[in-house]
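Undergrad:
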Ligand code: CO
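In the working numbering, the protein residues as written are 216 to 378.
#1: Here's the rule I'm using: 16 or more other beta-carbon atoms within 10 Å means buried, otherwise exposed. How should residue 323 be labelled?
#2: Please classify residue 286 as buried or exposed, where buried requires at least 16 other C-beta atoms within 10 Å of its C-beta.
#3: If you check the beta carbons only, do residue 363 and residue 317 fall under 9 Å apart?
#4: Can you check whether the CB of residue 342 is closer than 9 Å to the CB of residue 259?
#5: What are the boundary residues of the alpha helix (DSSP H) that includes residue 332?
#6: Less than 9 Å between the C-beta atoms of residue 238 and residue 347, yes or no?
#7: Please tell me whether, using a cut-off of 8 Å, the distance from the CB of residue 232 to the nearest non-hydrogen atom of the ligand CO is below it.
#8: Have a look at residue 242 and residue 304 and give me their C-alpha separation to the nearest angstrom.
#9: Return the chain-ordered list of same chain residues with a C-beta closer than 6 Å to the C-beta of residue 306, the five sequence neighbours on each side being excluded.
#10: Check whether the Cβ atoms of residue 298 and residue 339 sit closer than 9 Å, and answer yes or no.
#11: Using C-beta distances below 8 Å, list every residue in its chain close to residue 228, excluding the 5 sequence neighbours before and after it, in chain order.
#12: Quick one: what's residue 280 bridged to in DSSP?
#13: For residue 241, does the three-state DSSP call read helix, strand or coil?
#14: In its own chain, which residues sit with a C-beta less than 7 Å from the C-beta of residue 292, not counting the 5 before and 5 after it?
#15: Taking the alpha-carbon positions, what's the residue 372 to residue 366 distance?
#16: Please return the same chain residues whose Cβ sits closer than 6 Å to the Cβ of residue 290, not counting the five positions on each side in sequence.
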């Protein structure tokens, strides 16, 4: 079943998600629905809060497969940052240049409950950071500089026919 993706400014997107204590059948079924939803939307990542479930689960297109990461955490971030364009399924048609650490190390559980640790860089490191942010109620617009925010506000007003 494809789930409905919650769009900004719905306040659910601002909520903090809770850790998964047990990976039961209900969770496994939900993960399958998240994967279907991400694939149908042609997304590269989806966080549970984006479909209204406040649990720490993300699904990501990883090496051409859809993979799930439960209770993901960032262990290390590089000092070096880079700017890349990002989109978000909760913000249709909005693409923004966002600065983030270039390399990260993450820890998560797979669907069998085994702990995995991975070092990531470039685009995939970015996707993980974006999705883990969602679990903490943080959206990509929160990473904009003040002048980028100003430009975005003008653009949104223009699109709404206000200026
Ligand atoms: Co997003």
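Here a beta-carbon is modelled for each residue, glycine too, at the ideal position from N, C-alpha and C.
TA: A quick look at the data gives this:
#1: buried
#2: buried
#3: no
#4: yes
#5: Where residue 332 is concerned, there is no enclosing alpha helix (DSSP H), although the beta strand (DSSP E) it sits in stretches over 330 to 336.
#6: no
#7: no
#8: 22 Å
#9: 223
#10: no
#11: 221, 264, 265, 305, 349, 352, 354
#12: 277
#13: helix
#14: 316, 319
#15: 10 Å
#16: 320, 322
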